[in-house]
Structures are given as structure tokens and as C-alpha cells.
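Structure, as C-alpha cells:
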Amino acid sequence: MLQLYFQIGKTKCRMDLKNKQTKAILIGTLIGGLVYAALMTLFDYSNRQDLSIGKFLANFIFFGIFMGWLTYYNIKKQSRK
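Taken in order, the sequence shown gives residues 1301 to 1381; the numbers are from our numbering.
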């Protein structure tokens, strides 16, 4: 069984990678990060700034992680109800 373990602050999380919710979280994380990074890159380009792969990757990673955590938190909160 494929599992992903991570810790945010004092909260320990385990995600089963064969679970449909987990796949939805990971896909949402990747798409959200990619869209945000692309929009920020287009905004920089429209302001006549150079294209930066490092900046693109930083936007992709940090916003993607944030969106993944937010989605995970919302699903966890809804499952408690």
C-alpha cells in the first residue's frame, strides 16, 4: 500500500495514495500551483520583467503546498461533521 506521511506543526498526517480523496488533493495541489505560477509569470512578463524559472518554481511549490494543506484541512473538517 502506498502511503504518504508528513507533519505540519504538531499535526501528523498520513495519506493513503490509493484513496480517491488523496488523489483529488494531490491533483488539486498540482493544478492550483501550476495555474498560480503561470498567472504570476504572465503578470511579471506584462510588467516587462525577465522570465525566471526559479521564481516560477517557488510560486508553484509554495502555493501548491498551501492549496493542498487547505484542501486537506477542509476535507478533514467536513468528515468530522
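Just so it is clear, CB atoms sit at the ideal spot from N, CA and C, and this is done for glycine as well. Values in this document were obtained by computation on a predicted structure and should not be read as measured data.
Start and end residues, alpha helix (DSSP H) containing Ser1379: The sequence position of residue 1379 within the sequence shown is 79, counting from 1. Under the DSSP assignment, Ser1379 falls in the alpha helix (DSSP H) whose first and last residues are Ile1353 to Arg1380.
Taking 8 angstroms as the cut-off, does the segment 1332 to 1340 touch the segment 1354 to 1363 (at least 3 CB pairs, one atom from each stretch)? Counting Cβ pairs under 8 angstroms, three or more are found: they touch.
Apart from the five residues just before and just after Asn1328, which ones in its own chain have a Cβ nearer than 8 angstroms to its Cβ? Locating residue 1328 in the sequence shown gives position 28, where the first residue counts as 1. Checking the sequence, you will find Gly at residue 1328 rather than Asn. Excluding positions up to five away in sequence, the list reads Met1367, Gly1368 and Thr1371.
Which of helix, strand or coil does DSSP assign to Gln1349? Numbered from 1 along the sequence shown, position 49 holds the residue referred to as residue 1349. Here Gln1349 sits in coil by DSSP.
Are there 16 or more other CB atoms within 10 angstroms of the CB of Ala1338, so buried, or fewer, so exposed? Residue 1338 sits at position 38 when you count from the first residue of the sequence shown. With fewer than 16 other Cβ atoms within 10 Å, it is exposed.
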